[in-house]
Amino acid sequence: MTRQISLPLPLALGMTAEQRSNAFQAVFPDSPPLTPPAESDLPNKFDLQPSVVTRDSRPLVAVIGVGYVGTHLVETFSRGFDTLGFDISDKRIQDVKSMFAGNERVRLSSNTSELQDATHFLISVPTLLRPDRSIDSSYLCSALQTVAAHARRGSTVVIESSVAIGMTRELLGPLAKTCGFFVGMSPEVCRYADRILSMC
Numbered sequence: 533m534t535r536q537i538s539l540p541l542p543l544a545l546g547m548t549a550e551q552r553s554n555a556f557q558a559v560f561p562d563s564p565p566l567t568p569p570a571e572s573d574l575p576n577k578f579d580l581q582p583s584v585v586t587r588d589s590r591p592l593v594a595v596i597g598v599g600y601v602g603t604h605l606v607e608t609f610s611r612g613f614d615t616l617g618f619d620i621s622d623k624r625i626q627d628v629k630s631m632f633a634g635n636e637r638v639r640l641s642s643n644t645s646e647l648q649d650a651t652h653f654l655i656s657v658p659t660l661l662r663p664d665r666s667i668d669s670s671y672l673c674s675a676l677q678t679v680a681a682h683a684r685r686g687s688t689v690v691i692e693s694s695v696a697i698g699m700t701r702e703l704l705g706p707l708a709k710t711c712g713f714f715v716g717m718s719p720e721v722c723r724y725a726d727r728i729l730s731m732c
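The sequence shown begins at 533 in this note's numbering and counts up one residue at a time.
Here is the structure:
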């Protein structure tokens, strides 16, 4: 069953980054803190000048998590769009920089403030199994909390990570209402043999 938040939609759409983060914590009280935590204390340009993603906005695809699947998403989307590969690990960012050397449509960063320019967010972080074989969604919740704090109203947020049936609705439903996002789940799979992305 999807948990709902009682915040009126017009008020929610005008929330600051800190208020959006607090709203996320109200819906998911057990989620880990925003990563990296200090970013929530920094000024957000959209707090002073609220901005909305529209059809006329220049597309910037942000891939959250540049592991094996994430780097393939960056590679694929950069063929047609400006693409930001984001990861909280500075080491990972340095490791993949050589893969995109010379690709002017790609930039890589661990700085959450750069997410403010994105129009589309593809969440590609690990979903691990606990010892009891239940899904550990802590990485996913942390990534969604970061997106909620920095994305503009009208942004599109898609979960690329493997999730259980109903989890997309459970996690993204409240964000769609409180933050004014368009949300979805991607059925893409990454073929390890030939390193291409294909639709199921």
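Backbone N, C-alpha and C define an ideal beta-carbon position, used for all residues, glycine too.
What you are looking at is a predicted structure, and each value in this text was computed from that prediction instead of being measured.
Assigned with DSSP and collapsed to three states, I667 falls in strand. Contact check for A675 and V657: beta-carbon distance about 5 Å, within the 8 Å limit, so the pair qualifies. Note that the segment 644-654 touches the segment 609-618; at least 3 beta-carbon pairs, one per stretch, sit closer than 8 Å. Inter-residue distance for S630 and Y671 is about 26 Å (C-alpha atoms, whole angstroms). Taking C-alpha positions only, N643 is separated from N635 by approximately 20 Å. Taking a 10 Å sphere around the C-beta of T603, we find 16 or more other C-beta atoms and assign the residue as buried. With contacts defined as CB atoms closer than 8 Å, E692 and L605 qualify as a contacting pair.
Here DSSP, grouped into helix, strand and coil, assigns S641 to strand. Cβ-Cβ separation between C673 and L703: approximately 7 Å, consistent with a contact (criterion under 8 Å).
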